[in-house]
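Working notes for the structure below.
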Amino acid sequence: MTIELTPKRDQQVGSTDRPVRESWWRLRPAERCGRSCTQLKRWLLRVLGIVAAEFWQHRQVFPLALAQMMLVADQPLLPTNMSAVAKEFGFDAAERDEKLGGVVSVVFFTFGAIFSLLVGRLADRMSRTTLVCLCMMLGSSGTFANSQVQGFLALLCCRGAVGAATGGLIPASFALIGDMYSAEERPHAIGMVSIISGLGLSVGQALAGFVGTAFGWRAPFALVGVLGWAVSALLTFTFGIRPFSGLRQSATPSESPQPSALLASTSDSSAAASAASARPSSRADLLKPTVLCICLQGITGCVPWAVIGTFMADYLATNVHMGVPSATAVLFSFGVGCTTGTITGGKLGQFLYKKDKRLQGWLMGVTVWGGMLPMFCLFALGEAHPIIFHLLALSGGFLSSIPPVNAKAVLLNVVATHSRGTVFGVYTIMDDLGKGLGPALVSSFVRGMGRQDSFLLGMTFWLPCGLFCALTACTVPHDDLSDKPEEATRSLLALPASKTPKRPNKGLCDCSLMRAEAPDPLARKDGRIWPCQRGETAFSAKGQSQESTCLHACM
């Protein structure tokens, strides 16, 4: 007997199979969408976990980042409400751009340049933590005083005080970061600081756009000033970062420990003294080709940044007829792009530096030129749909924020630790020169060329900036100090005890004649450092001072 199995439901007329299939096809995309949403949530949670872990790893730089964030939040308060301030002071359109856009910027960055060099020199000779606290207090007081001014002269004085604080904070804080992290970790650490401090731009723009529109242009200055005082109190009472005593002692010859007190023989002391005398001066570091390229790119590259920070909000609000809230939203998109670009640039720069030091310079050059295009289109576009402005601002902020974080890391890697305060002071002067001359130069062209053409001309300064960034790819291999024994040892000081490399104790070598009870060692709580016979530096972990192991290859 043969049994035939026939799919009767398929042969039946009016079968309900087709409606069932149709409903199944309607449910399948929903199921796939639900699975996609679940995977997206898991991916976002994983990304947030990675970001949180990175921030927790670099939590020791949070006080520095908060201080920079408050001073950065002050800078967009005046440009965003420039028309309101000009109306209260009785300025016409030309005086608004020349005085509030040009003169104020020149005063702000001139004081910043002077104090950056002064504080940079002091950062090599005294407590950098104290300098950071003093600069923060000065900047917060100047910001709050802006809310009480009654004339243009008083406004200039207050802006000069904030500029001095901003210029002094940068060399002191980045000199601390250079002491705290090794060469491979500096781009990422600077990226973390830049992310938090970059939020100050978005916070300041939001306060200026919304609080300033609702309560007047003075209210954002008062609010940011009070928040700055709170950060100053946090720095004063809870700032746990302290400069290493050895680094401070090496800054000046008068404070350097005597080698004879550290070593057993006079030959050791003479070798250490000759090594100390061979240490390059600040002038030698300033004349390095990489340092010159970084400073020159700072002068040219800061002109477009100054145009964006000084004129972009008012240009979108008045010339493009977007209004202050919509223009502030575009600037917020630019800030979001800067934040994501800083994160990406820090990680990518760290990866490329480990792979090949020259690739970091090419990364800076390519992204500078790439970021110029969307910002040039934004100013050349005229009136268009707001979404286009948001996309251009987002992409321009993402690309243009990658070079600054890597430029600071390159500068830290090619400068000796005893000169970092001075060199970063000069670098800040070059930065301030571009930021101060940029608005003044552009505002001088407004009468003859108009606002749009003048701003487009300012964007073209990114062309030579990218060239100088690309040139660092040729100079970094020769100038980089991260492979030098002295700098490598100082990088070990900055690492936590859990990350300090442990070397097997193979006994004494010909250059590790140490004393267990050496007076006044360059010390931290989990180890000591003494000069060795060859004039280099040897590291001794706690409990191994009798049989120390050198860092160089003599073992």
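Be aware that the sequence shown starts at 2, since it is given in our numbering, and climbs by one per residue.
The C-beta atom is built at its ideal place from N, Cα and C for all residues, glycine as well.
> Does the beta-carbon of residue 48 have 16 or more other beta-carbons within 10 angstroms, so that it is buried, or is it exposed?
Replying inline: Against the sequence shown, residue 48 aligns to sequence position 47. With fewer than 16 other Cβ atoms within 10 Å, it is exposed.
>> For residue 318, which residues in the same chain have their Cβ closer than 7 Å to its Cβ, ignoring the five residues on either side in sequence?
In response: Residue numbering aside, residue 318 sits at position 317 when the sequence shown is read from its first letter. Correct list, in chain order: 324, 325 and 328.
> Can you tell me whether DSSP reads residue 42 as helix, strand or coil?
Replying inline: Position 41 of the sequence shown, counted from the first residue, corresponds to residue 42. Residue 42 falls in the helix class under three-state DSSP.
>> Is it buried or exposed, residue 421, if we count other Cβ atoms within 10 angstroms and call 16 or more buried?
In response: Position 420 of the sequence shown, counted from the start, is the residue given in the question as residue 421. Result: buried.
>> On the criterion of 16 or more Cβ atoms from any shown chain inside 10 Å, does residue 144 qualify as buried, or is it exposed?
In response: Numbered from its first residue, the sequence shown carries residue 144 at position 143. Classification for residue 144: buried.
> How many Å lie between residue 441 and residue 103 at the Cα?
Replying inline: Here residue 441 corresponds to residue number 440 of the sequence shown, with the count starting at 1. Here residue 103 corresponds to residue number 102 of the sequence shown, with the count starting at 1. Those two C-alpha atoms are separated by around 4 Å.
>> Between which residues of its own chain and residue 616 is the CB-CB distance below 6 Å, once the five residues before and five after are set aside?
In response: Any question about residue 616 goes unanswered here, given that the chain covers just 2 to 556.
>> Quick check on residue 147: does DSSP put it in helix, strand or coil?
In response: What you label residue 147 is simply residue 146 of the sequence shown in a count that begins at 1. The answer is helix: DSSP assigns residue 147 an H, G or I state.
>> To the nearest angstrom, how far is the alpha carbon of residue 372 from that of residue 403?
In response: One-based indexing of the sequence shown puts residue 372 at position 371. One-based indexing of the sequence shown puts residue 403 at position 402. Cα to Cα, residue 372 sits roughly 9 Å from residue 403.
> Beta-carbon separation of residue 129 and residue 67 under 8 Å?
Replying inline: By 1-based counting over the sequence shown, the position of residue 129 is 128. By 1-based counting over the sequence shown, the position of residue 67 is 66. Going by C-beta atoms, residue 129 is not nearer than 8 Å to residue 67.
>> Between the alpha carbons of residue 253 and residue 469, how many angstroms are there, rounded?
In response: In the sequence shown, the residue the question calls residue 253 occupies position 252. In the sequence shown, the residue the question calls residue 469 occupies position 468. Model confidence at residue 253 stands at a pLDDT of 37, short of 50, so the residue's coordinates are unreliable and nothing is read from them.
> What three-state label does DSSP hand residue 76 in the structure shown?
Replying inline: Mapped onto the sequence shown, residue 76 falls at position 75. In the structure shown, residue 76 sits in coil (DSSP, three-state: anything other than H, G, I, E or B).
> Given residue 195, which residues of its chain have a CB within under 6 Å of its CB, disregarding the five upstream and five downstream residues?
Replying inline: Your numbering for residue 195 matches position 194 in the sequence shown. The answer, listed in chain order, is 343 and 406.
> What is the DSSP secondary structure of residue 527, counted as helix, strand or coil?
Replying inline: Here residue 527 is taken as the residue at index 526 of the sequence shown, counted from 1. Low confidence applies to residue 527: its pLDDT is 37, below 50, so where it sits in the model is not reliable, and the reading given next is rough at best. Note: residue 527 maps to coil in three-state DSSP.
> Where does the unbroken alpha helix (DSSP H) through residue 354 begin, and where does it stop?
Replying inline: Along the sequence shown, read from residue 1 onward, the residue named residue 354 stands at position 353. Per DSSP, residue 354 belongs to the alpha helix (DSSP H) from 325-356.
> In chain order, what residues of the same chain lie with their CB nearer than 7 Å to the CB of residue 439, ignoring the 5 residues before and after it?
Replying inline: Counting from one through the sequence shown, the residue named residue 439 turns up at place 438. Same-chain partners within the cutoff: 303, 304, 307, 308 and 459.
> In its own chain, which residues sit with a C-beta less than 6 Å from the C-beta of residue 136, not counting the 5 before and 5 after it?
Replying inline: In the sequence shown, residue 136 corresponds to position 135, counting from 1. Hits under 6 Å: 166, 169 and 170.
> When burial is assigned at 16 or more other CB atoms within 10 Å of the CB, is residue 97 buried or exposed?
Replying inline: Taking the sequence shown and counting its residues from 1, one reaches residue 97 at position 96. Its Cβ being crowded by 16 or more others within 10 Å, residue 97 is buried.
> Quick one: what's got a C-beta closer than 7 Å to residue 311's C-beta in the same chain, skipping five residues either side?
Replying inline: Along the sequence shown, one-based indexing puts residue 311 at 310. Within the same chain, residue 311 has close Cβ partners 80, 102, 106 and 440.
> Looking only at its own chain, which residues have a Cβ that is under 8 Å from the Cβ of residue 77, when we skip the five neighbours before and after it?
Replying inline: By one-based count along the sequence shown, residue 77 stands at place 76. Excluding sequence neighbours, residue 77 sits near 202, 205, 206, 209, 310, 314 and 332.
>> Using only CA atoms, which one of 416, 71, 300 and 408 lies nearest to residue 360?
In response: For the purposes of this step, residue 360 is taken as residue 359 along the sequence shown, with counting starting at 1. Cα-wise, what sits closest to residue 360 is 408.
> Quick one: is residue 149 buried, meaning 16 or more other Cβ sit within 10 Å of its Cβ, or exposed?
Replying inline: For the purposes of this step, residue 149 is identified with residue 148 of the sequence shown, where counting begins at 1. Looking at its Cβ environment, which holds fewer than 16 other Cβ atoms inside 10 Å, residue 149 is exposed.
> Counting pairs of Cβ atoms below 8 Å between the region 286-293 and the region 445-458, do you hit three or more?
Replying inline: no
> Can residue 44 be considered in contact with the ligand COA, in the sense that its beta carbon sits closer than 7 Å to one or more heavy atoms?
Replying inline: Ligands in the displayed structure: none, and consequently the ligand COA is not present.
> Where residue 132 and residue 56 are concerned, what is the direct C-alpha to C-alpha distance, given to the nearest angstrom?
Replying inline: For the purposes of this step, residue 132 is taken as the residue at position 131 of the sequence shown. For the purposes of this step, residue 56 is taken as the residue at position 55 of the sequence shown. For residue 132 and residue 56, the distance between alpha carbons rounds to 25 Å.
>> So, for residue 116: in the same chain, excluding its five sequence neighbours on each side, which residues have a beta-carbon less than 7 Å away from its beta-carbon?
In response: Taking the sequence shown and counting its residues from 1, the one referred to as residue 116 is at position 115. Spatial neighbours of residue 116 in its own chain (CB-CB distance under 7 Å, excluding positions within 5 residues in sequence) are listed in chain order as 165, 168 and 169.
> What are the uninterrupted segments assigned as alpha helix (DSSP H) that are 4 or more residues long and contained completely in the region 364-397, given in chain order?
Replying inline: DSSP runs (the alpha helix (DSSP H)) wholly in the region 364-397: none.
>> Restricting to Cα atoms, I'd like to know which of 289, 163 and 119 is closest to residue 473.
In response: The residue labelled residue 473 in the question sits at position 472 within the sequence shown. The candidate whose alpha carbon is nearest that of residue 473 is 289.
>> Let me make sure I understand the geometry here. Which of 138, 151 and 398 has the alpha-carbon closest to that of residue 236?
In response: One-based indexing of the sequence shown puts residue 236 at position 235. The candidate whose alpha carbon is nearest that of residue 236 is 138.
> If we cut at 8 Å on Cβ distances, does residue 472 have a partner in chain B?
Replying inline: Annotation note: the requested chain B is absent from the structure, which comprises a single protein chain.
>> Quick check on the DSSP output: what are the complete alpha helix (DSSP H) runs of length 4 or more inside the region 397-452, in order along the chain?
In response: 403-415 and 421-450
> Below 8 Å, can you find three or more Cβ-Cβ pairs linking the region 107-127 to the region 415-431?
Replying inline: yes
>> Please state the DSSP three-state secondary structure of residue 557.
In response: As displayed, the chain neither begins before 2 nor continues past 556, which places residue 557 out of reach and without an answer.
> Distance, Cα to Cα, residue 249 vs residue 190?
Replying inline: Here residue 249 refers to the residue found at position 248 when the sequence shown is read from its first residue. Here residue 190 refers to the residue found at position 189 when the sequence shown is read from its first residue. Note on residue 249: pLDDT 42, under 50, position unreliable in the model; no value is reported.
> Leaving out the 5 sequence neighbours to the left and right, which residues in its chain are closer than 7 Å to residue 353 when beta-carbon positions are compared?
Replying inline: For the purposes of this step, residue 353 is identified with residue 352 of the sequence shown, where counting begins at 1. The answer, listed in chain order, is 360, 361 and 364.
>> Can you tell me whether residue 82 is helix, strand or coil according to DSSP?
In response: On the sequence shown, position 81 is the one that residue 82 refers to. Residue 82: coil per DSSP, three-state reduction.
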